[in-house]
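Engineer: Sharing a structure, written as structure tokens. Questions coming.
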Amino acid sequence: MKISHLGLLAGLLFAGIVHAADAPAPTKLNTTADHSKFKELQREFGSGSEVTKACLTCHTEAALQIHRTKHWTWELLNPATQQRLGKKNVINNYCLSAGTNLGSCATCHVGYGWTDASFDFKSQENVDCLICHDTSGNYKKLPNGGLPPVKDTESPPGSGKIVKAIDLAKIAQKVGKTSRDTCGACHFFGGGGDGVKHGEMDSSLASPDKEVDVHMDATGLDFTCSTCHKAPAHDVAGSRYVPTGKDTEGAHIRGKVDNSNPATCQSCHGQAPHKAGAQPAKLNQHADKVACQTCHIPQFARGGVATKMNWDWSTAGKLSPEGKPLLNKDAKGHVIYDSRKGDFVVAENVTPEYAWFNGEVTYTLLGDKVDKADGITLINALGGSAADGRSLIWPMKVMRGTQPYDPVNKTLVMPHLSGNDDTAYWTNFNWEKAIATGMKAANAPFSGQVDFLKTEMYWPITHMVAPKEKAVGCNECHTRGGRLDKIEGIYIPGRDAHQLLDLIGWLAAGGTLAGVMLHALVRIVRRKN
Amino acid sequence: MERIYIFTRFERFWHWAQALLIIAMLVTGFEIHGTYKLFGFEKAGQVHIYAAWTLITLWVFAIFWHFTTGEWRQYLPSFKKIDLVIRHYAWGIFQGEPHPFKVTRARKHNPLQAFAYLGVKILINPLIWISGLAYLYYNELEAAGVALNLGTIALLHTAGAFMMLCFLIAHVYLITTGHTVTAHLKAMISGWEEGDAEHGKQAS
């Protein structure tokens, strides 16, 4: 009996093995097209544009869709202020401006070869598909207008550093949907390094845990950027130039036409998301004044990557006794002084500052009057107040800087920083020459004089949403000296009090107490029996 | 020595429950106001709101009790002998004189006391309740088209709290002014007011 049982078991096992061997190759369920099977991609590619041309043979409208977006134009007309914004135009207090530095900056352009004004924005083959659709992680662009290295290349030229060639065919055969990695390749590294610019977007979001971001939690909800930042016709929703200050719409519903921003918290969670806890209604009611982010992002730069908080360009240019540029680091290895750039302050786990914000942003652009005597120049002034009915209290990263300006013409300046020429600041350390070149390219006047002024730039914080248990508690705002200490125009219980009433009240209570104590004292003194 | 049963069981329960709730709400309320830190705003707020609803419930029963028993008449203002009562607290009490007001079942508060309690019931309590409910529901009120300034609501609510605090201090002290220091306290515990033997003699 035993033997026959064993025989049966062996037979079953054998049948199982045979069955597995007979099974067809697993079908890919996340796409209908396996690009490695496409004849058009089974060849060698000598440039990025050649890949794009192959893409366009099937995706005939893709490049034209891209041409309409600010990922391509780096330009945007703010309909409210009529300001012409976009990376092409704005000045910030990080690397100051794109301008003549496009060769480097355009490493993050969704195109090939944008180094100066001669770039053809009408060209379809100049569109870079791979920068967003690579899934291999091997795609690279060089600081020469963003061309991929198809052969081993010295970059930057003369540096002696060789960038290995990449195989564009392999990459093209593996294209797919965008991912945290592809978006992050640029957006995590804005400002010239990991986490430098935003504070709540850095490489820790490539594969974050729940503590860092509940939505992108790689072993949980695993959102990609496009889960929220939907991109119909390649036009990615969500903007820091024209953001949504207060979303008053409900959650988006399939089939219902809804043109409101799909990247807001409310577009999924609706207007009354708090269901549990002691006072869900009270929490929901806070949403009339307080942005979701204010409570749900207690700190930014929480993933172990520091963000820049202050950048002082005025100290740039110090050289060693041998005339060599300096690079000083703090104990944790963060650069805190770079001769090319000046002094930095970096920080992790930063508690945001808070401000009323209605979504209106007004930039100080090239040509706008600025003056050191006016105090701090706002790179992007925020609209909003307690009274306008369109504002919420938002968490902000406030980037503070000291940057060059023209004290005669009283304008910000666009210096020529990178390049292998004799005016680029990063190789020559001469502000006058660098600014003259940059301003000439921008067709802007420059007096030849350079001074430095203090600036602030505001970054509404919206990523790195913490688990609900880690949300900012009541006590952190409803107190004197709390998070919202500087917010004006509203009465916050625990923070605010009517001083005169308090004085009268305590005098009355104290007076009553003193009165009864005096009365008692007389009774004791005069006590009979 | 005469003994009068002046505080029924419900009345005593109501009194002590109310005392506890009011003290809890003063402690938590002034923390919410930002006067000090004890439990933290969140806890203080929760306790304050739970205590408020408990007290409102208690008051619904108390109002029902007052009207069904006719006890509300205890608070009808009267000036009879009020001058003597004032003179007693300002002078006579120091001389060891007996209280000029004789407690009866029908009139258990002296005229000054009745005025004080009436003030609490028609001035301080409504001020606190109305401003407190407006504080809790100002979002709903705003949605209903009654836009109130939260700062004003808080101002009125805090003013009411200060009045209640003053009342509490005076009330607690005046408990000690019976014919013995603890006579009034005992009455509110047992329900029985023990008459002042000496006072009884004089009155007779």
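So the sequences go chain by chain: A and B. For the first sequence, numbering that gives the first Met the number 0 gives the first residue as 0, with consecutive numbering after it. For the second sequence, numbering that gives the first Met the number 0 gives the first residue as 0, with consecutive numbering after it. Each residue gets a CB set at the ideal place from its N, CA and C atoms; glycine is no exception.
Which of the three DSSP states, helix, strand or coil, is assigned to Ser203 (chain B)?
Structural biologist: Because the pLDDT at Ser203 (chain B) is just 28, under 50, the model does not fix this residue reliably, and the point stays unresolved.
Engineer: Determine whether the Cβ of Gln284 (chain A) lies closer than 8 Å to any Cβ atom of chain B.
Structural biologist: By this cut-off, Gln284 (chain A) is an interface position.
Engineer: Cutting at 7 Å between CB atoms, please list the residues of its own chain near Asn77 (chain A), excluding the five before and the five after it.
Structural biologist: Answer for Asn77 (chain A): Leu84, Tyr240 and Val241, listed in chain order.
Engineer: For a test of the three-state rule: what should DSSP assign to Gln73 (chain B), helix, strand or coil?
Structural biologist: If DSSP states are grouped into helix, strand and coil, Gln73 (chain B) belongs with the helices.
Engineer: Where Pro492 (chain A) and Ala470 (chain A) are concerned, what is the direct C-alpha to C-alpha distance, given to the nearest angstrom?
Structural biologist: Approximately 19 Å, taken between the alpha carbons.
Engineer: For Gln270 (chain A), which residues in the same chain have their Cβ closer than 7 Å to its Cβ, ignoring the five residues on either side in sequence?
Structural biologist: Taken in chain order, the residues that qualify are Gly249 and Ala286.
Engineer: For Ala142 (chain B), count neighbouring C-beta atoms within 10 Å of its own C-beta (all shown protein chains included) and say buried if the count is 16 or more, exposed if not.
Structural biologist: Exposed: under 16 other Cβ atoms inside 10 Å.
Engineer: In three-state DSSP terms, what is Ala171 (chain A)?
Structural biologist: Helix.
Engineer: Considering only their Cβ atoms, is the gap separating Gly190 (chain B) from Phe66 (chain B) smaller than 8 Å?
Structural biologist: For Phe66 (chain B) and Gly190 (chain B), no; Cβs fall outside 8 Å.
Engineer: Would you list the residues sitting across from Asn327 (chain A) in a DSSP beta bridge?
Structural biologist: According to DSSP, Asn327 (chain A) bridges with A:Tyr336.
Engineer: Flag His32 (chain B) as yes if its beta-carbon sits less than 8 Å from any beta-carbon of chain A, otherwise no.
Structural biologist: Closer than 8 Å to some Cβ of chain A, the Cβ of His32 (chain B) qualifies, so yes.
Engineer: Going by beta carbon distance, what residues of the same chain come within less than 7 Å of Met187 (chain B), once the five residues before and after it are set aside?
Structural biologist: Excluding positions up to five away in sequence, the list reads Phe6, Arg11 and His14.
Engineer: Give a yes or no on whether the C-beta atoms belonging to Gly44 (chain B) and Tyr490 (chain A) are separated by under 8 Å.
Structural biologist: For Gly44 (chain B) and Tyr490 (chain A), no; Cβs fall outside 8 Å.
Engineer: Which chain B residues are close to Cys473 (chain A), counting only those with a beta carbon under 8 Å from its beta carbon?
Structural biologist: By Cβ distance, chain B contributes Gly39, Phe40, Glu41 and Gly44.
Engineer: Can you round the beta-carbon distance between Leu557 (chain A) and Phe187 (chain A) to whole angstroms, since I take them to be within the 8 Å contact cut?
Structural biologist: Lying outside 0 to 528, the shown extent of chain A, residue 557 (chain A) is not represented and no answer is given.
Engineer: Using three-state DSSP, classify Thr410 (chain A) as helix, strand or coil.
Structural biologist: Residue state, collapsed to three classes: strand.
Engineer: Quick check on this structure: which residue in B:Trp128, B:His170 and B:Asn138 has the alpha carbon closest to the alpha carbon of Leu155 (chain B)?
Structural biologist: Cα-wise, what sits closest to Leu155 (chain B) is B:Trp128.
Engineer: Please confirm whether Leu391 (chain A) has its beta-carbon closer than 8 Å to some beta-carbon of chain B.
Structural biologist: Not an interface residue.
Engineer: Say whether the stretch 389–397 of chain A touches the stretch 350–368 of chain A, bearing in mind that this needs 3 or more beta-carbon pairs closer than 8 Å, one atom from each stretch.
Structural biologist: Yes, they touch.
Engineer: Do we get a CB-CB distance below 8 Å when we pair Gln201 (chain B) with the residues of chain A?
Structural biologist: Residue placement at Gln201 (chain B) is flagged as unreliable, the pLDDT there being 35, under the threshold of 50; the coordinate-derived value follows with that caveat. No, Gln201 (chain B) lies away from the interface with chain A (no Cβ there is under 8 Å from its Cβ).
Engineer: Nearest by alpha-carbon distance to Glu468 (chain A): which of A:Val211, A:Gly144 and A:Thr114 is it?
Structural biologist: Comparing Cα-Cα distances from Glu468 (chain A) to each of A:Val211, A:Gly144 and A:Thr114, the minimum goes to A:Val211.
Engineer: Closer than 7 Å, Cβ to Cβ, to anything on chain A: give me those residues from the stretch 163–181 of chain B, in chain order.
Structural biologist: Within the stretch 163–181 of chain B, the qualifying residues are Leu164, Cys165, Ile168, Ala169 and Tyr172.
Engineer: Under 8 Å Cβ-Cβ, which residues of chain B neighbour Asp495 (chain A)?
Structural biologist: Under the 8 Å cutoff, chain B gives Gly33, Gly150 and Ala153.
Engineer: Compare the C-beta of Gln265 (chain A) against all C-beta atoms of chain B and say whether one is closer than 8 Å.
Structural biologist: It does not; no Cβ of chain B falls within 8 Å.
Engineer: Helix, strand or coil for Lys469 (chain A), going by three-state DSSP, please let me know.
Structural biologist: In the structure shown, Lys469 (chain A) sits in a helix (DSSP, three-state: H, G or I).
Engineer: In this structure, does DSSP put Trp191 (chain B) in helix, strand or coil?
Structural biologist: Trp191 (chain B): strand per DSSP, three-state reduction.
Engineer: Please state whether the Cβ-Cβ distance between Cys165 (chain B) and Thr511 (chain A) is less than 8 Å.
Structural biologist: Against a cut-off of 8 Å, the Cβ pair of Thr511 (chain A) and Cys165 (chain B) comes out as a contact.
Engineer: Could you give the residue range of the alpha helix (DSSP H) that holds Trp113 (chain A)?
Structural biologist: Run containing Trp113 (chain A): none; DSSP gives neither H nor E here.
Engineer: Beta carbons nearer than 9 Å to chain A: which residues of the stretch 93–123 of chain B have them?
Structural biologist: Those would be Phe93, Gln94 and Gly95, in chain order.
Engineer: Let me know the secondary structure DSSP gives Val59 (chain B) once reduced to three states.
Structural biologist: Residue state, collapsed to three classes: helix.
Engineer: Name, please, each residue of chain B whose Cβ falls closer than 8 Å to the Cβ of Leu500 (chain A).
Structural biologist: What Leu500 (chain A) touches in chain B: Leu154, Thr157, Ala158 and Phe161.
Engineer: So, with DSSP's three-state summary, where would you put Met0 (chain A)?
Structural biologist: No answer about Met0 (chain A) holds up, because its pLDDT of 42 lies below 50 and its placement is not dependable.
Engineer: Going by CA-CA distance only, name the one from A:Ala507, A:Gly157 and A:Gly316 that's closest to Trp425 (chain A).
Structural biologist: Looking at the Cα atoms, A:Gly316 is the closest of the given residues.
Engineer: So for Glu389 (chain A), helix, strand or coil by DSSP?
Structural biologist: Sequence check: residue 389 (chain A) is Arg here, not Glu. Three-state result, Arg389 (chain A): coil.
Engineer: Taking the Cβ atom as the reference point for each residue, do Cys94 (chain A) and Gly219 (chain A) lie within a distance shorter than 8 Å?
Structural biologist: Contact flag unset, no.
Engineer: Run down chain B in chain order and give the residues with a C-beta less than 9 Å from the C-beta of Arg522 (chain A).
Structural biologist: Near Arg522 (chain A) (Cβ distances below 9 Å), the residues of chain B are Ile92, Phe93, Thr175 and Thr176.
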